[in-house]
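Visitor: Provided herewith is a single structure, encoded as structure tokens, for subsequent inquiry.
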Amino acid sequence: MSNRFKPKFNIKKGDTVVVIAGDDKDAKKPRKVLEVFPDKSRVLVEGVNIVTRHTKPSARNTRGGIVKKEAAIHISNVMLWDAKAGAGVKVKRTREEGKLVRVSKKSGEAIK
């Protein structure tokens, strides 16, 4: 994907989000973003979309077996969590002291 048409996302690694669609939908339970995949428009969220992987024994993993781990979900299925509003919020970007800052549209607070 070229940088010219690369989408900009308001969600970053370490943010607190709520899942608004899918099997793990819970608009009141904030969760942490573990990783963002901007080229695929997906995010890895803690405790969401758990899949089972059947692994063979290898040099690194001497015991094979069934391993449960998180899989990525589409970025449109999550919303940033605003602690002050106590809900998922839309975000706008504003310039403060020459830097772009993400600001909650509900409470007007800057998101760290």
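Just so you know, the numbering used here puts 435 at position 97 of the sequence shown, and the rest follows in order with no gaps. Idealized CB from N, CA, C, for every residue including glycine. None of the values given here were measured: they were computed from a predicted structure.
State the start and end residues of the unbroken beta strand (DSSP E) segment that holds V355.
Guide: On the sequence shown, position 17 is the one that residue 355 refers to. Element bounds for V355: T354 to V357.
Visitor: Put E391 into one of helix, strand or coil per three-state DSSP.
Guide: Residue numbering aside, residue 391 sits at position 53 when the sequence shown is read from its first letter. Correcting the residue identity first, residue 391 is Arg in this sequence and not Glu. Note: R391 maps to strand in three-state DSSP.
Visitor: Per DSSP, L433 is paired with what?
Guide: For the purposes of this step, residue 433 is identified with residue 95 of the sequence shown, where counting begins at 1. The amino acid at residue 433 is misidentified as Leu; the sequence shows Arg. Its beta-bridge partners are L438.
Visitor: Alpha carbons only, please: which of V389, A397 and L418 is nearest the one belonging to V405?
Guide: Taking the sequence shown and counting its residues from 1, the one referred to as residue 405 is at position 67. Comparing C-alpha distances from V405 to each of V389, A397 and L418 shows the shortest one belongs to V389.
Visitor: Whole angstroms are fine: how far does the CA of D353 sit from the CA of E384?
Guide: Locating residue 384 in the sequence shown gives position 46, counting from the first residue. Locating residue 353 in the sequence shown gives position 15, counting from the first residue. Those two C-alpha atoms are separated by around 11 Å.
Visitor: Do you know how far the Cα of G426 is from the Cα of L418?
Guide: As a first step, residue 418 is located in the sequence shown; it is residue number 80 there, counting from the start. As a first step, residue 426 is located in the sequence shown; it is residue number 88 there, counting from the start. Cα-Cα distance, rounded: 5 Å.
Visitor: Please report how far the alpha carbon of K350 lies from the alpha carbon of E447, in whole angstroms.
Guide: The residue labelled residue 350 in the question sits at position 12 within the sequence shown. The residue labelled residue 447 in the question sits at position 109 within the sequence shown. Straight-line Cα distance between these residues: approximately 17 Å.
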